[in-house]
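Just so you know, full-length UniProt numbering puts 514 at position 117 of the sequence shown, and the rest follows in order with no gaps.
C-beta atoms are modelled at their ideal positions from N, C-alpha and C, and glycine is treated no differently.
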Amino acid sequence: AKTSGKNRHRVFNEEMDRRLVRKLGLEKDMRRALVRGEFFVLYQPKWDARHQQPAGVEALVRWKHPDIGTISPAEFIPIAEETGLIVPLTRWVLQEACLQNRRWQEEGLPSQKVAVNLSIRVFESQNLGEMVGEALQLSSLAPEYLELEITESLLLYDIEDIVRQLEELRGLGVTVAMDDFGSGYSALGSLDKMPIDTLKIDQLFIRESNLESKQAIILAIIMMARQLNLRLVAEGVETEAQMAFLRSSGCDVMQGYYYGKPMTEQEIQSWMERSLP
Ligand code: C2E
Ligand code: CA
Ligand code: CA
Ligand code: CA
């Protein structure tokens, strides 16, 4: 038993080493990845189930590493945040998403919002307004077609500073969505002070929306959003049952595998063409 305990320990350490080596490698490679054009953006559709029409897309970044293959943002975004590379990466994603959305408009597709995720780190970099303004200018995309997704954890930071920056962003004409709502740090206390337009109910609640207890929470969030005059989006909708429950509860806009996975620009373009009335 002693040996196997020791063995377990050794295996555990090797696993830790492997992870650390991979992380350090990614950290190093990421510095070149941007200039080498290894990042790309997928787009996931949102669907307005009441009006039966597309309700915008969310830009989700991927990294095509030359040796490892495609790496998930769940792995490399935290590293980008630690190293500060999140700032140039976000600048690139913003430009890419705005340019792409403008291209779709030029090709005659109905105009819709593209949403870009912002990490807290880019709020600390202080020239966020400039960065967003540049992306809009570069792409000549009208600001109402850009949405910025932030998360609740932002509220752990200097709220007044965050509010000021969000107001500056909305002053440009873009909209702001609170992502992963209800997932962690409770944002309830300051939700009414936040200059936002949209609440996105966290996937966690949708995944367990067969449970009465989770249904109660979803209903409460829907009611609250309505009272606060916020648009509402449910994410992680995977099944018809989930869609039906949300619909009957008064949540109209949905995002999830039930409607469409994150897709390449060509794939989503044909998805949009197919879903036109
Ligand atoms: P998120 O913003 O909450 O994005 C939703 C995630 O859920 C995406 O994972 C999406 O592919 C996945 N998803 C969508 N529908 C379903 C569904 O029906 N079922 C399940 N199981 N999953 C679904 P993804 O693309 O791997 O992104 C993970 C996270 O990485 C994002 O979570 C976001 O926080 C972050 N991220 C992605 N792109 C960017 C970016 O450009 N900048 C920043 N700062 N973060 C990003
Ligand atoms: Ca998001
Ligand atoms: Ca989310
Ligand atoms: Ca998330």
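Along the alpha helix (DSSP H) that carries residue i, what are the first and last residues, could you check?
{"i": "M620", "result": "E609 to Q624"}
{"i": "T661", "result": "It is not in any alpha helix (DSSP H) - T661 carries neither H nor E in the DSSP assignment."}
{"i": "R433", "result": "Per DSSP, R433 belongs to no alpha helix (DSSP H) and is neither H nor E."}
{"i": "residue 690", "result": "Summary: the structure shown does not reach residue 690, with the chain confined to residues 398 through 674, and so no result is reported for it."}
{"i": "A494", "result": "I483 to E503"}
{"i": "Q534", "result": "L525 to S536"}
{"i": "G586", "result": "L585 to L588"}
{"i": "V519", "result": "I517 to E521"}
{"i": "L601", "result": "Q600 to R604"}
Can you determine whether any heavy atom of ligand 3 sits closer than 8 Å to the C-beta of residue i, and answer yes or no?
{"i": "Q600", "result": "yes"}
{"i": "Q597", "result": "As written in the sequence, residue 597 is Lys, which differs from the Gln given in the question. Yes, ligand 3 has a heavy atom inside 8 Å of this Cβ."}
{"i": "E493", "result": "no"}
{"i": "E632", "result": "yes"}
May I ask you to list the residues that DSSP assigns as paired with residue i?
{"i": "E544", "result": "A512 and T572"}
{"i": "G466", "result": "H462"}
{"i": "E455", "result": "Q441 and A512"}
{"i": "T595", "result": "A574 and R628"}
{"i": "Q450", "result": "D445"}
For ligand 1, I want to know if residue i counts as a neighbour, meaning its beta carbon is within less than 8 Å of at least one of the ligand's heavy atoms.
{"i": "P659", "result": "yes"}
{"i": "Q497", "result": "no"}
{"i": "V490", "result": "yes"}
{"i": "A617", "result": "no"}
{"i": "I476", "result": "no"}
{"i": "L553", "result": "no"}
{"i": "E455", "result": "yes"}
{"i": "E503", "result": "no"}
{"i": "I559", "result": "no"}
{"i": "I483", "result": "yes"}
{"i": "S536", "result": "no"}
{"i": "Q449", "result": "no"}
{"i": "T480", "result": "no"}
{"i": "V418", "result": "no"}
{"i": "V650", "result": "no"}
{"i": "E635", "result": "yes"}
For residue i, is the classification buried or exposed, using 16 other Cβ atoms within 10 angstroms of its Cβ as the cut-off for buried?
{"i": "R623", "result": "exposed"}
{"i": "L673", "result": "exposed"}
{"i": "S536", "result": "buried"}
{"i": "V432", "result": "exposed"}
{"i": "residue 690", "result": "Absent from the structure is residue 690, since the part of the chain shown begins at 398 and ends at 674."}
{"i": "V408", "result": "exposed"}
{"i": "L629", "result": "buried"}
{"i": "I465", "result": "exposed"}
{"i": "K403", "result": "exposed"}
{"i": "residue 675", "result": "In the structure displayed, the chain extends from 398 to 674; residue 675 sits before or after that span and is not available."}
Taking the continuous beta strand (DSSP E) assigned at residue i, which residues delimit it?
{"i": "M651", "result": "V650 to Q652"}
Check the Cβ-Cβ distances between residue i and every residue of chain B, and say whether any is below 9 Å.
{"i": "G579", "result": "Included in the structure is just one protein chain, with no chain B present."}
Would you say residue i touches ligand 6, meaning its beta carbon is less than 8 Å from a heavy atom?
{"i": "Y440", "result": "This structure simply doesn't include ligand 6; it includes ligand 1, ligand 2, ligand 3 and ligand 4 instead."}
Practice problem: Mind listing which residues have their beta carbon within less than 5 Å of any non-hydrogen atom of ligand 2? Chain order is fine. | Solution: N514, E546 and D576
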